[in-house]
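Down below is the structure, laid out as structure tokens.
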Amino acid sequence: MICKVTRAEIFQYLDGELSRGERAQVEAHLRSCPDCSRLVTTERAFRATYLDRLRPDPVPENVRERVIRLLDALPSRQSSPSRPGRLGRLGVMAAMVALVILGGILGLSVRDVWKGPNASVIQLADASVDQHQKLARGLLPFDIAMASPRQAEEWFRSKVDFKVSIPDLRSEHLAFLGGRISHLTGVDVVALGYRVNDKNVSLFVIPEEQYRRLGLSETPKFKVVNRRGYEVVVWRSHGTGYALVSEIGGQPCLVCHSPEEKLELTPAPAAHRS
Amino acid sequence: MDLRAEFQAVVMANLDSLFGYARVLTRRTSDAEDLLQDVLLRAYRAFGSFDRKLSVKAWLFKIMKNAYIDRERRRRARPVEGEWENGDERATDEERGARTLPGEMYLYVPLSPEDILLRHLTIEGVREGIRRLPAVWRQVVELREIEGLSYQEIAEVIGKPIGTVMSRLSRGRDLLRASLQDLLSEREKTGAHDL
Ligand SMILES: [Zn+2]
Numbered sequence: 715m716i717c718k719v720t721r722a723e724i725f726q727y728l729d730g731e732l733s734r735g736e737r738a739q740v741e742a743h744l745r746s747c748p749d750c751s752r753l754v755t756t757e758r759a760f761r762a763t764y765l766d767r768l769r770p771d772p773v774p775e776n777v778r779e780r781v782i783r784l785l786d787a788l789p790s791r792q793s794s795p796s797r798p799g800r801l802g803r804l805g806v807m808a809a810m811v812a813l814v815i816l817g818g819i820l821g822l823s824v825r826d827v828w829k830g831p832n833a834s835v836i837q838l839a840d841a842s843v844d845q846h847q848k849l850a851r852g853l854l855p856f857d858i859a860m861a862s863p864r865q866a867e868e869w870f871r872s873k874v875d876f877k878v879s880i881p882d883l884r885s886e887h888l889a890f891l892g893g894r895i896s897h898l899t900g901v902d903v904v905a906l907g908y909r910v911n912d913k914n915v916s917l918f919v920i921p922e923e924q925y926r927r928l929g930l931s932e933t934p935k936f937k938v939v940n941r942r943g944y945e946v947v948v949w950r951s952h953g954t955g956y957a958l959v960s961e962i963g964g965q966p967c968l969v970c971h972s973p974e975e976k977l978e979l980t981p982a983p984a985a986h987r988s
Numbered sequence: 032m033d034l035r036a037e038f039q040a041v042v043m044a045n046l047d048s049l050f051g052y053a054r055v056l057t058r059r060t061s062d063a064e065d066l067l068q069d070v071l072l073r074a075y076r077a078f079g080s081f082d083r084k085l086s087v088k089a090w091l092f093k094i095m096k097n098a099y100i101d102r103e104r105r106r107r108a109r110p111v112e113g114e115w116e117n118g119d120e121r122a123t124d125e126e127r128g129a130r131t132l133p134g135e136m137y138l139y140v141p142l143s144p145e146d147i148l149l150r151h152l153t154i155e156g157v158r159e160g161i162r163r164l165p166a167v168w169r170q171v172v173e174l175r176e177i178e179g180l181s182y183q184e185i186a187e188v189i190g191k192p193i194g195t196v197m198s199r200l201s202r203g204r205d206l207l208r209a210s211l212q213d214l215l216s217e218r219e220k221t222g223a224h225d226l
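Keeping their order, the protein sequence lines are chains U and Z. Just remember that this note's numbering sits 714 ahead of the position in the first sequence, which is counted from 1. Just remember that this note's numbering sits 31 ahead of the position in the second sequence, which is counted from 1.
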């Protein structure tokens with residue numbers, strides 16, 4: 715028999731995608747058409763037996779664990795849409811540092827390709843790596859340790875004449891160790907030590923004026939430089955400059971290069987990753 | 032409620048689905064994980080302004096689809112739209128070479144549901160049939176049959192009009208039934224009973 719409804723409409727009907735009027739039309743047709751009625755019955759049985767019982771494949775356990783870690787390390791935020799001034803800035807800052815740090819842990823790409831070698835950035839990166847190694851080995855003691863990020867901020871406020879925002883990332887995988895006033899390429903900076911998954915990470919807070927002297931473009935936001943087995947990420951937020959130093963996972967670079975050897979500037983660590 | 036706690040709850044509740052969709056898009060577990068992490072960070076940044084009346088799963092899928100397109104564009108330095116966006120024909124050609132699909136898959140040979148029911152195909156057999164679908168159709172079939180998204184939600188996720196969703200879904204379902212037919216004949220030939 716010639717049907718007034720199409721097969722496509724039957725499926726839309728079964729999918730619950732028809733309007734009330736359309737649904738009534740299809741149902742009226744089903745009462746008078748054994749063929750379509752049979753199609754609906756078997757299709758329903760097929761769905762009940764198979765499709766309705768399909769579930770997405772379970773995520774592999776190791777992926778689940780890494781996701782839980784990532785979620786734990788997200789900066790805490792309240793759902794109120796706007797927070798004034800300092801708190802808001804800290805939130806942004808914390809989110810960004812979390813992004814960069816997590817990027818390191820998780821092998822995630824927060825980086826865009828950075829074009830153009832820039833001597834001053836390489837200098838900054840080298841100096842940051844030096845300082846980072848000294849901090850990690852305890853050769854440069856912290857001025858303030860065993861303190862909360864808030865207490866440390868308070869302490870720096872009276873010591874330096876630029877604003878220091880210390881990300882307060884609460885996670886069992888990330889601990890704030892302390893901070894000190896340090897010198898990077900002849901400039902006073904604040905050096906902050908973190909422990910991330912049993913590895914040391916240093917964050918250098920650079921005054922706006924000095925950061926501007928690096929002559930970096932605004933985009934891409936994060937400049938990534940690999941030096942001597944470390945990854946240095948340089949960026950700016952609300953005027954303040956930052957350089958973050960962390961180990962490249964497993965130090966693959968040191969397998970083929972000595973620690974003293976100056977590595978070529980790589981636009982992105984992809985060459986060392988994949 | 033604390034935004035992070037809410038976000039964590041949402042992600043954990045949908046984690047299998049999210050990773051499943053990442054796998055459909057990337058087809059490789061390592062790429063899928065990378066994509067998933069990227070999506071979680073993106074989604075958290077936007078979560079505060081997410082309209083709580085909408086389906087959060089569809090919202091996350093949409094972010095994932097966009098993130099995937101961004102990544103592919105960056106990686107290949109050429110548009111990837113062809114494969115996903117521009118019509119099924121191109122994808123058919125690409126998939127035909129890459130996959131072990133018999134030519135008959137592309138013919139209109141839907142297996143009747145009765146037949147499938149009568150021959151006791153297992154749920155895992157049906158799941159395998161969906162996995163074997165070419166990506167363009169597998170995507171909409173999974174979003175509909177496994178994830179239960181509406182046509183409108185699927186349209187938003189894949190960035191296509193509803194008409195395209197309906198035609199892909201219809202074709203995908205036919206292909207699935209043909210693929211199940213295929214699995215059944217394989218089973219009958221080898222005498223295996225695990226499908
Ligand atoms: Zn009829």
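All C-beta atoms, glycine included, are put in the ideal place defined by N, C-alpha and C.
Notebook entry, point to check: According to the neighbour-count rule (16 or more other Cβ atoms, all chains shown, within 10 Å of its Cβ), is Z/D33 buried or exposed?
Noted result: exposed
Next item on the list: Can you say whether U/A738 is buried or exposed, counting buried as having 16 or more other CB atoms within 10 angstroms of its CB?
Entry: exposed
Notebook entry, point to check: Roughly how far, in whole angstroms, is the beta-carbon of U/L898 from the beta-carbon of U/Q845, given that I think they are within contact range, below 8 Å?
Noted result: 6 Å
Margin query: If contacts are defined as beta-carbon pairs under 8 Å, then U/L732 and U/V740 qualify, I think. What distance do you get, rounded to the angstrom?
Written below: 7 Å
Note to self: I'd like to confirm something about Z/D47: is its beta-carbon nearer than 7 Å to some heavy atom of ligand 1, or not?
What the structure shows: no
Next item on the list: Tell me, please, whether the CB atom of Z/G51 is closer than 8 Å to any CB atom in chain U?
Entry: yes
Check: What are the start and end residues of the beta strand (DSSP E) that includes U/V946?
Finding: Y944 to S951
Checklist line | Inter-stretch contact at 8 Å, needing at least 3 Cβ pairs: the segment 900-909 of chain U / the segment 938-952 of chain U | finding: no
Notebook entry, point to check: Does DSSP put U/L728 in a helix, in a strand, or in coil?
Noted result: helix
Margin query: Output needed in chain order: residues of the segment 163-178 of chain Z with a Cβ under 9 Å from some Cβ in chain U.
Written below: E173, R175, E176, I177 and E178
Checklist line | U/A762 classed as buried or exposed, judged by whether at least 16 other C-beta atoms fall within 10 angstroms | finding: exposed
Notebook entry, point to check: In this structure, what does DSSP give as the bridge partners for U/G955?
Noted result: U/I920 and U/R950
Check: How long is the line joining the alpha carbons of Z/I177 and U/K873, rounded to whole angstroms?
Finding: 59 Å
Next item on the list: Would you kindly check if the distance between the Cβ of Z/R35 and the Cβ of U/S790 is under 8 Å?
Entry: yes
Margin query: Against chain Z, with Cβ distances strictly below 8 Å, would U/L765 count as a contact?
Written below: yes
Item checked: Identity of the residues DSSP links to U/A905 by a beta bridge -> U/R894 and U/F918
Check: For the segment 71-99 of chain Z, which residues have a CB atom closer than 9 Å to at least one CB atom of chain U, in sequence order?
Finding: L71, L72, Y75, R76, F78, G79 and S80
Next item on the list: Would you list the one or two residues that DSSP bridges to U/E961?
Entry: U/Y944
Check: What do you get for Z/D69, buried or exposed, if any count of 16 or more other CB atoms within 10 angstroms of its CB means buried?
Finding: buried
Checklist line | Buried/exposed call for U/G703, threshold 16 Cβ in 10 Å | finding: Because chain U spans 715 through 988 in this model, residue 703 of chain U falls outside it and cannot be assessed.
Note to self: Taking 7 Å as the cut-off, is the beta-carbon of U/V719 closer than that to any non-hydrogen atom of ligand 1?
What the structure shows: yes
Next item on the list: Let me know if Z/I161 comes out buried or exposed under the rule of 16 or more other beta-carbons within 10 Å of its beta-carbon.
Entry: buried
Check: With distances taken from CA atoms, which of U/V754, U/D786, U/D840 and U/I724 is nearest U/E945?
Finding: U/D840
Notebook entry, point to check: Is the Cβ of Z/I154 closer than 8 Å to any Cβ of chain U?
Noted result: yes
Check: Which one of U/P748, U/Y764, U/R734 and U/T755 has the shortest CA to CA distance from Z/R208?
Finding: U/Y764
Margin query: Can you find the residues in the same chain that come closer than 6 Å, C-beta to C-beta, to U/I920, ignoring five residues on each side of it along the sequence?
Written below: V903 and G955
Note to self: Which of the three DSSP states is assigned to Z/D47 in this structure?
What the structure shows: helix
Check: How is Z/K96 classed by DSSP in three states: helix, strand or coil?
Finding: helix
Notebook entry, point to check: Using a threshold of 7 Å, is the CB atom of U/H743 nearer than that to any non-hydrogen atom of ligand 1?
Noted result: yes
Next item on the list: With DSSP collapsed to three states, give me the class of Z/D65.
Entry: helix
Next item on the list: Check U/I1011 in the structure and name its three-state DSSP category.
Entry: Past the boundaries of the shown model lies residue 1011 of chain U; chain U is included only from 715 to 988, so the question cannot be answered.
Checklist line | Where the alpha helix (DSSP H) containing U/A1006 begins and where it ends | finding: This structure cannot settle anything about residue 1006 of chain U, because the visible part of chain U is limited to 715 through 988.
Item checked: Residues of the segment 726-744 of chain U with Cβ closer than 9 Å to any Cβ of chain Z, in chain order -> Q726, D729, G730 and E731
Notebook entry, point to check: So, do the segment 208-218 of chain Z and the segment 87-96 of chain Z have three or more beta carbon pairs nearer to each other than 8 Å?
Noted result: no
Margin query: Checking the sheet assignment: what are the DSSP bridge partners for U/K937?
Written below: U/V948
Check: Secondary structure at U/D771, three-state DSSP: helix, strand or coil?
Finding: coil
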